[in-house]
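One structure below.
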Amino acid sequence: MSSKRMATIMGVTYGIAAIMPFFVGDIRFIMHILIMCLIWAVVASCWDLIMGFAGIFSFGQVAFFVIGAYTSAILSVQWNVPSVVAILLAGVFTAGMGVIVGLPCLKLAGPYVALVTFGVHMTLMPVLRGEIGIALGSGGSQGILTIPPVNILGYTFSSANQIPTFYFTLFLSVVCTVIILAVIKSYWGTAFLALKDSEEFAMSLGVSAFKYKLMVFALTSFLTGVMGAFYGHYIGMLSTRMLELDLFCTLMVMLVVGGIGRFPGAILGAFITVTANELLAPLGAYRAVTLGALVVLLVLLLPNGVMGLWLKRSDAEA
Amino acid sequence: MLNVTDLNAYYGEAQVLKDVSISVNQGQAVVMLGPNGHGKSTLLKSICGLVEKVQGGIEYKGQDINRLATEKIVNMGVTYIAENRELFPHMTVLENLKLGAYSKNARPHEKDNLEKVLALFPRLKDRQKQVASTMSGGEAKMLAVARGLMSNADFLCIDEPSLGLQPSLRFEIFSTLKEIIDQGKTVLIVEQNIPQIIELADRIYVMEEGSISFEGSKDEAFSDDHLKEIFLGM
Amino acid sequence: MNLSEDTILLLLELTDVIISGLTNGSVYALMAVGLTLVYGVTKAFNFAYGSFFNLGGYCAWLMILATGFVGGYFSIFIAVIPLMFAVGYGLEKAMVAPLRKRADWENKVMMLTLGLSLFMDNLYVAVFGGRVKSLPTILDGALTIGEVILNYQDIMIFFMSISGILFFGWILNNTRTGMAVQAVAQNPEGAKIVGIPEKHIFASTFAISTVMVGFSGILLSQKYFISPMSGGGIMIKSWVITAFGGMGSIRGGLYAAFIIGMLEAFVGWQFGMSYTMIALFVLLLTTLVVRPQGLMGKG
Chain A
432 MSSKRMATIM GVTYGIAAIM PFFVGDIRFI MHILIMCLIW AVVASCWDLI MGFAGIFSFG
492 QVAFFVIGAY TSAILSVQWN VPSVVAILLA GVFTAGMGVI VGLPCLKLAG PYVALVTFGV
552 HMTLMPVLRG EIGIALGSGG SQGILTIPPV NILGYTFSSA NQIPTFYFTL FLSVVCTVII
612 LAVIKSYWGT AFLALKDSEE FAMSLGVSAF KYKLMVFALT SFLTGVMGAF YGHYIGMLST
672 RMLELDLFCT LMVMLVVGGI GRFPGAILGA FITVTANELL APLGAYRAVT LGALVVLLVL
732 LLPNGVMGLW LKRSDAEA
Chain B
15 MLNVTDLNAY YGEAQVLKDV SISVNQGQAV VMLGPNGHGK STLLKSICGL VEKVQGGIEY
75 KGQDINRLAT EKIVNMGVTY IAENRELFPH MTVLENLKLG AYSKNARPHE KDNLEKVLAL
135 FPRLKDRQKQ VASTMSGGEA KMLAVARGLM SNADFLCIDE PSLGLQPSLR FEIFSTLKEI
195 IDQGKTVLIV EQNIPQIIEL ADRIYVMEEG SISFEGSKDE AFSDDHLKEI FLGM
Chain C
269 MNLSEDTILL LLELTDVIIS GLTNGSVYAL MAVGLTLVYG VTKAFNFAYG SFFNLGGYCA
329 WLMILATGFV GGYFSIFIAV IPLMFAVGYG LEKAMVAPLR KRADWENKVM MLTLGLSLFM
389 DNLYVAVFGG RVKSLPTILD GALTIGEVIL NYQDIMIFFM SISGILFFGW ILNNTRTGMA
449 VQAVAQNPEG AKIVGIPEKH IFASTFAIST VMVGFSGILL SQKYFISPMS GGGIMIKSWV
509 ITAFGGMGSI RGGLYAAFII GMLEAFVGWQ FGMSYTMIAL FVLLLTTLVV RPQGLMGKG
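Right, here's the structure in full:
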């Protein structure tokens, strides 16, 4: 897809989101969903960049999100670091973790990468709940309950003043996804496509697969960490429940709905999935069951996501 | 026995076979010649159901076998003996041979066929316990042919049996092929390193760029100057 | 030799740890062999493996509820094993096989099976409730050798998992289907050529691995308990063992299972159970850095 077309789809999506407060600005519940959509749009796009474009089968995206969230929360709660600085530091720390995880596994075959990154995810829960986490200030199984909201020059972005917070999130979300778009359309993105076609050929051109993979891993970890950190400050509390498979699969649904490697499909996927997930809430205990079944069905029946459907139609028209 | 009509085969987007038609009658030995990479192997594989995208008619004993799964085709008595052998590397000679008789129609004859095959390849008889990956190229090739014979097939598609073999072994392969043909099996064979093979042929096809460029008896082939020069080395 | 009271206590504790490592290790071996087999043959990466572990446990629990434990564990195994086979076979045919034609099918299989595990785990919670369930012990009583107490339960677990592995090994080497499974693992094209129905073998292998993990689930659940959300941890453990031993290497998986069983028992004893997952992960990372192909993998 051309970058013009990608930018158009992103512009329309974010444009529609931007005017939403004029219609539903006073419905707190809907505004909250919209803010969540904006946050997850970035995380899903990061995952798409890693998996769909760089071809790294990473299962660590939620883990990095949680690492970012906890880092920033601990910094501001335990060390009184100003929220903006804490968020940036959390991003840097998460990127560092991404490199540490990426170093041993990015040279290996797909299943190993999946295994190691998912291992990070699975290890994070006992670490945060156990003595190590408590010593660091994770609050153990209770979590962190009093995270201060983001504060810029005395102005706080919290759920108390939702509309400004919404626009701040929108700004963050747009900046992050534009960075992702730029990466996809840059020399990196081209290198990745070449690597996907033929790793040998690309390497003969001097494209070092490992170096690029590590760089993209660091970048997406940074962005994911920043969004995670912001999420923590917005919600005001964190717990290890985020590490249950539930959220992980929700994120996966976003990607499958949007279409893997069909950026900006992941953004659309995030909007659709977050909204649908809220609609599924009345199902109670069966919500997660339904979500799981949805993953299975969507993987089987919707190979390229909504973008695939849409592209097929527009190709047929052309 | 086998009728291929207007066959087109593709690997991904690339078309490898273009409107290929050949026929092989019962008991015949048909030799397919042609430059490497022009689709001979693809034709044999298509017949045996080993190519994903194949259009056109493949009729065996009056039944359309195109799009049948390979195991069904093998069960009807057609077998493919691969140029690169495709053995089971960590299994012994005997285990490879026994798996050759996997299909239902071969099972009842497993014992008889094993005796016959070991008589045909005395070298394998001494090496029944040897692991396939430790065999020399020539022995592995014999094992591949032997495994093909274990399937109790009436119709053998043999792909370059002499590929990668030293000249002294080629003659051994040739005499084995002669014996197989004399036993009354129907054979479609791709082979061009053994000029004598023409002597065994009831019919000759030449494939160039995915199409049949010549078909005829061996006398006709010998009278074609172009063929003589290029493929028969005379 | 006169040993002080403390030393004797320590030695006794150590014996307990080793016994626990051996019994758990034997069950892990069974799980890992199933997983390494299915990966070696079908190249499918099954993230729902741990949920099938619990499926075995819940099937046993349901059977006891329905029949009142008539015939003991013997009848449970007779009933649950074919059921697990059928479930595994059906799932492969319905969910994994259709993906095989796609270009990035291996990734799609991982995503699908992860969704499947979310589905299964939460279905267990919805149907059976979030609390753990326990199964009757397979054999009560204990063998006392001096100061050392050996529970018959542990002996049975060890004995049954080892016989399970030997039995599957026998099937693999002595039956036509078993040989066909090995043939597909060694050379898929060659297997097709000799007329082995590849799709059937894929589904059968998947089903066999489901049986192995379901059987493991019953064995371990009667010692500990059935907990609906434990699938993820079990799955990671099986995968770490498989990667540590070398993907697709059955012998490597066996060694790795006992090493990890022991490691887990020692870490749990010395530092507490919450550290076992961390220890496993560190082991996995170290293995991948030092020897990416695993203990016995061909690299």
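If you're matching them up, the sequences are chains A, B and C in order.
Read left to right, the first sequence gives residues 432 to 749 (this note's numbering).
Read left to right, the second sequence gives residues 15 to 248 (this note's numbering).
Read left to right, the third sequence gives residues 269 to 567 (this note's numbering).
All residues carry an ideal CB built from backbone N, CA and C; glycine is no exception.
The model shown is predicted, which means the values in this text are computed figures rather than measured ones.
Under the three-state DSSP convention, the category residue i falls into
i	result
F534 of chain C	helix
G692 of chain A	coil
D173 of chain B	strand
R436 of chain A	helix
S37 of chain B	strand
G340 of chain C	helix
T412 of chain C	strand
K32 of chain B	strand
I458 of chain A	coil
E748 of chain A	At E748 of chain A the pLDDT is 43, less than 50, meaning the model places this residue with poor confidence; the figure from the coordinates comes in the next sentence. If DSSP states are grouped into helix, strand and coil, E748 of chain A belongs with the helices.
E222 of chain B	strand
A235 of chain B	helix
K467 of chain C	helix
Distance between residue j and residue i (C-alpha atoms, nearest Å)
i	j	result
S231 of chain B	V44 of chain B	9 Å
G442 of chain A	I698 of chain A	11 Å
F588 of chain A	S670 of chain A	21 Å
V687 of chain A	L382 of chain C	13 Å
T473 of chain C	F526 of chain C	23 Å
T621 of chain A	I615 of chain A	7 Å
P496 of chain C	R399 of chain C	8 Å
F321 of chain C	M480 of chain C	9 Å
G486 of chain A	K130 of chain B	52 Å
L612 of chain A	I546 of chain C	36 Å
G499 of chain C	A316 of chain C	8 Å
Residue i, buried or exposed, once every other Cβ within 10 Å from all chains shown has been counted against 16
i	result
A312 of chain C	buried
G26 of chain B	exposed
M541 of chain C	exposed
N441 of chain C	exposed
T335 of chain C	exposed
R459 of chain A	exposed
W438 of chain C	exposed
P713 of chain A	exposed
H240 of chain B	exposed
V544 of chain A	buried
E109 of chain B	buried
V309 of chain C	buried
G409 of chain C	exposed
G76 of chain B	exposed
I512 of chain C	In the sequence on display, residue 512 of chain C carries Phe and not Ile. Its Cβ being crowded by 16 or more others within 10 Å, F512 of chain C is buried.
F185 of chain B	exposed
Partners in chain B for residue i, counting only beta-carbon separations shorter than 8 Å
i	result
A371 of chain C	Within chain B, no residue comes near A371 of chain C; the closest Cβ sits about 11 Å away, beyond 8 Å.
I504 of chain C	Residues of chain B passing the Cβ test: none, with the nearest at roughly 29 Å.
For residue i, the residue or residues it bridges with in DSSP
i	result
Q509 of chain A	None; Q509 of chain A has no bridge partner.
K67 of chain B	B:Y24
T587 of chain A	A:N582
N455 of chain C	According to DSSP, N455 of chain C bridges with nothing at all.
N17 of chain B	B:S37, B:E73
L650 of chain A	BP columns for L650 of chain A are empty, so no partner.
F549 of chain C	Paired residue(s): none; F549 of chain C is not in a bridge.
V107 of chain B	Answer by DSSP bridge pairing: none, since V107 of chain B is not bridged.
Cross-chain neighbours of residue i in chain B, by beta carbon under 7 Å
i	result
G458 of chain C	E100, L101, F102
I464 of chain C	E85, Y116
Interface residues of chain C facing residue i [CB-CB closer than 9 Å]
i	result
D677 of chain A	L386, N390
Where residue i meets chain C, residues with beta-carbon distance less than 8 Å
i	result
F454 of chain A	The premise fails here: F454 of chain A is roughly 34 Å from chain C at the closest Cβ pair, so nothing lies under 8 Å.
Y598 of chain A	Here the premise fails: no neighbours, minimum Cβ distance about 34 Å.
8 Å Cβ cutoff, residue i in contact with chain D
i	result
I349 of chain C	Within the model displayed, chain D is absent; protein chains A, B and C are what it includes.
Chain A residues whose Cβ lies nearer than 7 Å to that of residue i
i	result
E374 of chain C	G541
Within chain B, partners of residue i - CB distance below 9 Å
i	result
N579 of chain C	Residue 579 of chain C is absent from the structure shown; chain C starts at 269 and stops at 567.
A362 of chain C	None at all; the shortest Cβ gap to chain B is about 19 Å.
Closer than 8 Å at the beta carbon, the chain A residues around residue i
i	result
G501 of chain C	M553
Amino acids of chain C, ordered along the chain, whose beta-carbon sits closer than 7 Å to that of residue i
i	result
A96 of chain B	I461
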